[in-house]
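Structure first, commentary second.
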Amino acid sequence: MSDSFDINQIQNIIDAGIPQCADIGVKVHEMDEGGVTFRLPYDEKLAGNPVTGVLHGGVITTLIDSASGMCIYVKLKKYIPIATLDLRIDYLKPATPGEMLYAHAYCYKLTEKIGFVRSVAYHTDRNDPIANSVSTFMLRSSATPPLNEVSESMKKV
Amino acid sequence: MDMTSEQFLDVISKARETREWKPVFEIIPYFSYLGLELEECEGRIICRLPKDKKFIGNPVLPALHGGIVGAFLETTALVHMLMTQDVTRLPKIINITVEYLRSAKLEDSFAEAVITKPGRRVANMRVRAWQESKDKPIATASANFLVS
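The following block contains the structure:
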């Protein structure tokens, strides 16, 4: 199994190995030493307010949680099983209906067992965020195969 | 979206009178996406998230995506607010902290919220989600909502 972090490979891993991300349309936007950026196209079916069409906060939670987990893989340069321990999100302003949503996540501290992550969600400017988040992840959370192998086996199903 | 604020609040106040919340759940797109259902028993308000393969975050365990669990907790808090408080607009979430306690299996999930402080401007809430037994929560959350 390749350990390279090719952006296309990671998109395939998400599409086959993380059904919820595939279902709402999460895409890998950028990925480097500075962290990962995911994007999510606007979809009316994910709105939380039927009057304004503003996305439900839960959708932002899913995008941020996904990007936050992925940035740990990037930092580790391998796919070990991880699990979210806790996640705090401050909703700073509503997302604009119709606009692409981005989430950038950065793992600022990694210990043997825990990863600490900061993340922001935004439309165009990372310094003008819609939501700010901090989260912690347990590393090697289960004795299951790593995400990339899971993704491969899911494709064969 | 082709609904006015007044129409939406009408649907909510009608639901509060008739105690029939299905119409509210049906007009909030993300509630429909979740397939959210309501179970009211002995005055308690319990939300149910039916199991669905599209919610999976880890297909091996399999486990529901942490984002979906967080979304379910947030939604349950909002439902509790709508049903128990005399809201004049849709409460806005300020922040939420989710603690993940057990991996959420591919099963129906349940959640219940309590208002820890029903302030005039901000309401503080606690939410707990579980699957087979309420004594074994899969996740808890605390959240603040702007109510006016």
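Those protein sequence lines, which keep their order, are chains Y and S.
Numbering of the first sequence is given in the UniProt record's numbering, commencing with residue 1 and proceeding in unit increments.
Numbering of the second sequence is given in the UniProt record's numbering, commencing with residue 1 and proceeding in unit increments.
A virtual CB, placed ideally from N, CA and C, is assigned to each residue, including glycine.
With distance defined between alpha-carbon atoms, name the residue in the options nearest to residue i.
i       : options                          : result
M100(Y) : G25(Y), K113(Y), Q11(Y)          : G25(Y)
I82(Y)  : S133(Y), G35(Y), F116(Y), K93(Y) : F116(Y)
E40(S)  : T116(S), E20(S), S5(S), D52(S)   : E20(S)
I68(S)  : A16(Y), Y79(Y), V36(Y), I60(Y)   : I60(Y)
D65(Y)  : S153(Y), S151(Y), C107(Y)        : C107(Y)
L146(S) : L61(S), Q7(S), S13(S), L78(S)    : L78(S)
How would you call residue i, buried or exposed, if buried means at least 16 neighbouring beta carbons within 10 angstroms?
i       : result
D10(S)  : exposed
A143(Y) : exposed
N8(Y)   : exposed
S103(S) : buried
K43(S)  : Here the sequence assigns Gly to residue 43(S), which means Lys is not the residue at that position. By the 10 Å Cβ count, G43(S) comes out exposed.
F137(Y) : buried
P50(S)  : exposed
N127(Y) : exposed
T4(S)   : exposed
Y79(Y)  : buried
Q131(S) : buried
T37(Y)  : buried
E107(S) : exposed
T84(Y)  : buried
T116(S) : exposed
Starting from residue i, trace the beta strand (DSSP E) in both directions and tell me its first and last residue.
i              : result
I18(Y)         : It is not in any beta strand (DSSP E) - I18(Y) carries neither H nor E in the DSSP assignment.
P137(S)        : 137-146
residue 182(S) : The shown model of chain S, from 1 to 148, leaves out residue 182(S), and the question about it has no answer.
I130(Y)        : Counting along the chain, I130(Y) falls outside any beta strand (DSSP E), and DSSP gives it neither H nor E.
Y102(Y)        : 101-110
T32(Y)         : It is Asp, not Thr, that sits at residue 32(Y) in the sequence shown. Counting along the chain, the beta strand (DSSP E) containing D32(Y) begins and ends at 27-32.
P118(S)        : 109-118
Y122(Y)        : 114-122
V127(S)        : 122-130
V36(Y)         : 35-40
Identify whether residue i lies in helix, strand or coil by the three-state DSSP scheme.
i       : result
V87(S)  : coil
P50(S)  : coil
K93(Y)  : coil
M1(Y)   : Any reading at M1(Y) must be qualified, since the residue scores a pLDDT of 47, below 50, and its modelled position is unreliable; the value itself is stated next. Coil at M1(Y), not helix or strand.
V79(S)  : helix
M3(S)   : coil
D86(Y)  : strand
N58(S)  : strand
T144(Y) : coil
T18(S)  : helix
K134(S) : coil
S135(Y) : strand
Alpha carbon to alpha carbon, how far is residue j from residue i? Give it in angstroms, no decimals.
i              : j       : result
S141(Y)        : P137(S) : 18 Å
D86(S)         : E99(S)  : 29 Å
I45(S)         : S135(Y) : 29 Å
G34(Y)         : K22(S)  : 45 Å
Q20(Y)         : R120(S) : 37 Å
H97(Y)         : A63(S)  : What sits at residue 97(Y) in the sequence shown is Pro, not His. Those two C-alpha atoms are separated by around 30 Å.
residue 182(Y) : F31(S)  : This structure leaves residue 182(Y) out entirely; chain Y is present only between 1 and 157.
L63(Y)         : T84(S)  : 30 Å
S2(Y)          : D23(Y)  : With a pLDDT of only 49 at S2(Y), under 50, the local geometry of the prediction cannot be trusted, and the value read off the model is given with reservation. C-alpha separation (whole angstroms): 26 Å.
G35(S)         : F110(S) : 13 Å
P145(Y)        : G69(Y)  : 16 Å
V114(S)        : E112(Y) : 36 Å
E112(S)        : T97(S)  : 16 Å
N124(S)        : Y91(Y)  : 15 Å
E152(Y)        : V74(Y)  : 19 Å
P129(Y)        : Y102(Y) : 10 Å
I89(Y)         : G70(S)  : 10 Å
N31(Y)         : T52(Y)  : Correcting the residue type first, residue 31(Y) is Met in the shown sequence and not Asn. Straight-line Cα distance between these residues: approximately 32 Å.
V60(S)         : H123(Y) : 33 Å
E17(S)         : P118(S) : 21 Å
L139(Y)        : Q11(Y)  : 22 Å
Can you tell me where the alpha helix (DSSP H) with residue i in it begins and where it stops?
i      : result
V74(Y) : 57-76
E26(S) : 22-27
Whose Cβ in chain B lies nearer than 8 Å to the Cβ of residue i?
i      : result
I45(S) : Included in the structure are the protein chains Y and S, with no chain B among them.
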